[in-house]
Ligand SMILES: [Zn+2]
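Numbering (this note's numbering), first residue to last: 904 to 1003.
Quick look at the structure:
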């Protein structure tokens, strides 16, 4: 029985944000930048773990992520896409805001 991949994606993304909020609430002295950096560190660790190639040289799924360099390129692509799609990507407080 296959489950909807969107559900797992939305759940993982939502729970990561919830975790950041919980950590910040639990330690009001904590630097939010440190929490954000820690979440990224854990997310990258998990992402790389999930992209470990299966070892079959002919595997089509693993082809694009079959080397450390290609995994890093895919990770960069994903980071660019997700950051640019975020509601927080542009801020009214950006130093170049209002100068377009
Ligand atoms: Zn594979």
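Built from N, CA and C at the ideal position, the CB exists for glycine as well. Fair warning: this is a prediction, and the values are worked out from it, not measured in the lab.
message = Is any non-hydrogen atom of ligand 1 found closer than 6 Å to the C-beta of residue 964, if you look at the structure I gave you?
response = Checking every heavy atom of ligand 1 against the Cβ of residue 964, one is found closer than 6 Å.
query = Say the cut is 6 Å; is the CB of residue 959 nearer than that to a heavy atom of ligand 1?
reply = Yes - ligand 1 has a heavy atom lying nearer than 6 Å to the Cβ of residue 959.
request  = Scan the region 908 to 990 and note each continuous alpha helix (DSSP H) run of 4 residues or more that stays entirely inside, going in chain order.
outcome  = Whole alpha helix (DSSP H) segments, 4+ residues: 908 to 929, 935 to 953 and 971 to 987.
request  = Thinking residue 954 and residue 974 are a contact (beta carbons under 8 Å), I'd like their distance in whole angstroms, please.
outcome  = Right, the Cβ-Cβ distance comes to about 5 Å (below 8 Å), so this counts as a contact.
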